[in-house]
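Read through the structure below, which is laid out as structure tokens, and then see the notes.
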Amino acid sequence: MKGFNVLLTGACGRIGKTFFEASKERYRFTLTDRVEPDFALGDHRFVQADLSDKTTLAALLDGIDVIVHLSGIPHASATFDELLPNNILATTYLFEAAVAANVKRLVFASSAQTIEGYPVDRQITPGMPVLPANLYGVSKCYGEALCGYYAAKTPLSTIALRIGAFEFAQTHDLNNARDLSAWLSPRDAVQLLQRSVETPGVKHLVAHGISNNRFKRLDLSETTRVLGYEPQDDAFQTFDIPITY
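Numbering (full-length UniProt numbering), first residue to last: 1 to 245.
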């Protein structure tokens with residue numbers, strides 16, 4: 001193993017497992033989640049933890065260079081009572097602890113739900129105001145704001161990734177052109193996360209996390225320019241779904 005010491009939260013989720021399996025020879029991982037992993041750890045460390053309990057964080061961050069923060073409630077239908085401890089408090093405590101531990105960078109898993117209030121046929125370009133359509137999206141807007149605040153006021157480097165529809169081709173839940181335009185394939189997700197961990201000189205960035213789809217819900221020009229992200233997959237070639245909204 002080589003490279004960075006990475007804390008991966010939400011390590012047992014779909015994206016977490018995919019990223020870990022593809023990167024376990026690239027980084028030294030500390031993995032954390034509320035549930036035990038169902039995959040082999042190898043030489044990496046796992047700590048079962050609830051990040052809304054801030055007393056657990058200091059031990060997790062010892063010697064960590066980069067945090068990839070994937071944990072949280074991921075559902076558009078989530079209620080405020082669910083989101084408050086998991087997406088608001090846990091994320092706030094993690095940023096506070098990252099600064100205290102002199103972590104170099106925090107990569108925050110935001111969501112395309114931060115802009116889902118825009119019409120489905122309008123492409124989201126860099127700098128457009130957030131426009132969430134549900135409280136889950138609101139919680140991710142809060143996380144993006146934390147990224148900006150801590151990048152401005154502390155030495156921490158922050159990257160917020162607006163992740164689109166992460167789906168495996170074999171077991172997907174994509175139904176129409178809107179879904180296809182937001183698809184993020186597993187291998188493109190891995191590349192995007194690795195570029196977010198490794199790209200030097202980034203103080204703060206809100207990046208767009210979709211694949212190279214023929215029609216793109218999120219414009220990728222700034223993400224490509226800053227991170228060198230070059231997605232390989234196109235939902236409109238991968239899936240046999242009619243182009244209707």
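For every residue, glycine included, the Cβ atom is placed at its ideal position computed from N, Cα and C.
None of the values given here were measured: they were computed from a predicted structure.
Asked                                                                                                                                                                       : Found
What are the uninterrupted segments assigned as beta strand (DSSP E) that are 3 or more residues long and contained completely in the region 138-226, given in chain order? : 157-163 and 204-209
Going along the chain, which residues of its own chain have a beta-carbon closer than 6 Å to the beta-carbon of A235, five neighbours each way excluded?                    : L180, W183 and N213
If you run the structure through DSSP and keep just helix, strand and coil, what is R14?                                                                                    : helix
Report the residue ranges of all alpha helix (DSSP H) runs contained in full by the region 2-90; include only those spanning at least 4 residues, in chain order.           : 14-23, 57-61 and 80-83
Which residues mark the beginning and the end of the beta strand (DSSP E) in which A109 is found?                                                                           : R105 to S111
Just to confirm, is the Cβ distance from D233 to S196 under 7 Å?                                                                                                            : no
Give me the Cα-Cα distance between I67 and L7, rounded to the nearest whole angstrom.                                                                                       : 5 Å
Check whether the region 105-117 and the region 135-142 touch, using three or more Cβ-Cβ pairs below 8 Å as the test.                                                       : yes
Would E36 be called buried (16 or more neighbouring beta carbons within 10 Å of its own) or exposed?                                                                        : exposed
For A97, which residues of its own chain have a beta-carbon under 6 Å away from its beta-carbon, when the five flanking residues on both sides are left out?                : L57 and L61
Which word fits D188, buried or exposed, when buried means at least 16 other C-beta atoms lie within 10 angstroms of its C-beta?                                            : buried
Count the other CB atoms within 10 Å of the CB of L51; is the residue buried (16 or more) or exposed (fewer)?                                                               : buried
Note down the Cα distance separating V130 from V206, rounded to an integer number of angstroms.                                                                             : 11 Å
Hey, would you say L161 sits closer than 7 Å to G127, going by beta carbons?                                                                                                : no
Where does I124 fall in DSSP's three states?                                                                                                                                : strand
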